[in-house]
Every structure is written in C-alpha cells, then in structure tokens.
Amino acid sequence: MIRGLYTGASGMNAQQHRLDAISNNLANVDTAGYKRDVTVSKSFSELLIRRCDADGVYTTTFGSADAAPVVGKLGLGVEANENYTDFQQGSFRLTDANTDLALSGEGFFAVMTPYGERYTRNGNFFVGKEGILETKDGYPVLGENGLIHVSDDQFKVNENGMIYNLADNSVIDRFRTVRFDNERYLQKMGSSLYASNDISGEAYIAEGDERPTFLQGYMETSNVNVVNEMVQMIEVNRAYEANQKTIQSQDTMLSNLWSRVATRRG
32 MIRGLYTGAS GMNAQQHRLD AISNNLANVD TAGYKRDVTV SKSFSELLIR
82 RCDADGVYTT TFGSADAAPV VGKLGLGVEA NENYTDFQQG SFRLTDANTD
132 LALSGEGFFA VMTPYGERYT RNGNFFVGKE GILETKDGYP VLGENGLIHV
182 SDDQFKVNEN GMIYNLADNS VIDRFRTVRF DNERYLQKMG SSLYASNDIS
232 GEAYIAEGDE RPTFLQGYME TSNVNVVNEM VQMIEVNRAY EANQKTIQSQ
282 DTMLSNLWSR VATRRG
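Here this note's numbering runs 31 ahead of the position in the sequence shown, where the first position is 1.
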C-alpha cells in the first residue's frame, strides 16, 4: 500500500511538469520565433513478482535455483525525464517593416549579450540610437564582421542574408547565421534566446544548403498550436486527478487497516 502512495505521487509530479511546459507554451503563443517545449516522461524499472509459496517448477539458471512461480510485473511509477524544445518551423506573418526578418529553414541569428554570444529565431529587430541593429531587448545583432551598423531602416536583405544599403547598393555585412550539431539540446535563456552547451555542440556558420532563407518584412510566429495545447492540458488534468484518487484510495485502505489492527489488539 505504501508503494501505491509513492507511485501515485510520482504520477502527479510528472503531470505537474507537463502542465508547467504547456502553460509556458500558451503564454508565449504570440511571441515571435518562440519554440514550444515538450516534456518527456519515463517509467521506473518494473519489478518481476513471484509468489512466496514454493510450489512452482524447480529450475536452475546460471547457478541460481528458483521454485516460486511468476505472478506478473509491478510498475513503480513514472518521472519527468527531460524538457526538450521542438524547433519545428513556425508560420510567417507579413509586417512590411525592413527591420523584421524571418528565417525559413533551420538556423539562428547570433546576438551579443552581457553573458556572451546567444542565439535566437526572433527576427523582430530595430535600429538603435547608435545606428546598430538590435533585438527588442537591446542586444546587438551580429554580422560576420561584428556589429551591424545601419544609419536607418533603409537597407535590404537578400535570401542569403547579405545586407545592402538602399542608397548606393553597397554591401554592409552578412548576418552571422549559425547551426548546431544537436539543436534539440540548446538551453533556453529567456527573451527568446538560446545558449549552446556540451551536448548541443558549439555554433558554426551555416553555409550552402545548411543556410536558411532570409525573408525581409516578415516575422516567424510561434509554433504553438493552441488547440493541441488545450487538449493536452485537459489530458494532464485528468491524469493528475486519477493519480490523486489513487492516493486517496490507498490512504483510505491504510486507515482501515490500522483501525482494524488497533481494534484486534485492544
């Protein structure tokens, strides 16, 4: 019975992790370039149950003997294994603003932060007071030659990420666009930023077929499907309630057991 309490509690804890991820997805449904989180759960190793009475067939296997018949397997609960980011492409929304950019395909913009280089899919940029292209949080966007200096929004970007001055058609820079060996394991840092780690691998410049297509005047919307997230939220709530009722049933049986033991001893 005690095992049942722990099994139900582990299920409730796993569903709580799922609910946190779903709530965060719904909160960022209108965030440009946001990628939904997915919670992966795994079960604990199952136990093989045998009957205590030794009335089974006596067998020897690799030096051990066993006469107890197998009853079945016993599950020991579940745990939230990891949260990973689904980098599926979001749809594109037309803004007609020269400072808005979207990436069609895999890849990331590189930006400079006080904590070092970070990466984002959110191309909702603007021109800062010093004529530097920046994110909405004020982080400079990086080109392959460093910071991208533009006097105003009178510039154009071709499909390869080359930036041209509209006045004289001169080349300003090319966006530093990066890829990773294992993008799934990038770490979310908030403000639509990602950081690399040992599992994701270090960033490298995307070239050739690995380089995404740049769309100027568009923004990539989040890849969150509101209907699917709401359906999953309902599933989580029902699973949570089922585990809760399991714990209540176990608690009731324990109370009855102890009350009967106390009555007999009395």
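Idealized CB from N, CA, C, for every residue including glycine.
In its chain, beyond the 5 residues on either side, VAL158, GLY162, LEU164, ILE203 have a beta carbon closer than 7 angstroms to the beta carbon of VAL181. Listed in chain order, the non-local C-beta contacts of ASN44 below 8 angstroms within the same chain comprise GLU110, ALA111, local neighbours out to five positions each way being set aside. In the three-state reduction of the DSSP assignment, ARG149 falls in the strand class, which pools E and B.
Under the three-state reduction of DSSP, ASN268 is assigned to helix. The beta carbons of ASN114 and GLU260 sit no closer together than 8 angstroms. Buried is the label assigned to SER227, since at least 16 other Cβ atoms lie within 10 Å of its Cβ. The beta carbon of ALA198 sits closer than 8 angstroms to those of GLN185, all from its chain and outside the five residues before and after it, given in chain order.
The three-state secondary structure of SER72, taken from DSSP, is strand. LYS276 sits in a helix when the DSSP states are folded into three classes. Boundaries of the beta strand (DSSP E) harbouring GLN247: 244-247, taken from the DSSP string. Boundaries of the alpha helix (DSSP H) harbouring ARG49: 33-58, taken from the DSSP string. Cβ-Cβ separation between TYR37 and GLY108: approximately 6 angstroms, consistent with a contact (criterion under 8 angstroms). Secondary-structure assignment with DSSP links GLY221 through a beta bridge to LEU224. Scanning PHE245, SER54, GLY35 for the CA closest to the CA of ILE265 turns up SER54. GLY174 sits close to ARG205, with the two beta carbons spaced by under 8 angstroms. If you draw a straight line from the Cα of GLN281 to the Cα of ALA270, it is about 17 angstroms long.
Counting the other CB atoms within 10 Å of its CB gives VAL257 a total below 16, which places it among the exposed residues. Selection GLY177, SER122, ASN213, ALA234 evaluated against TYR150 yields ALA234 as nearest (Cα-Cα).
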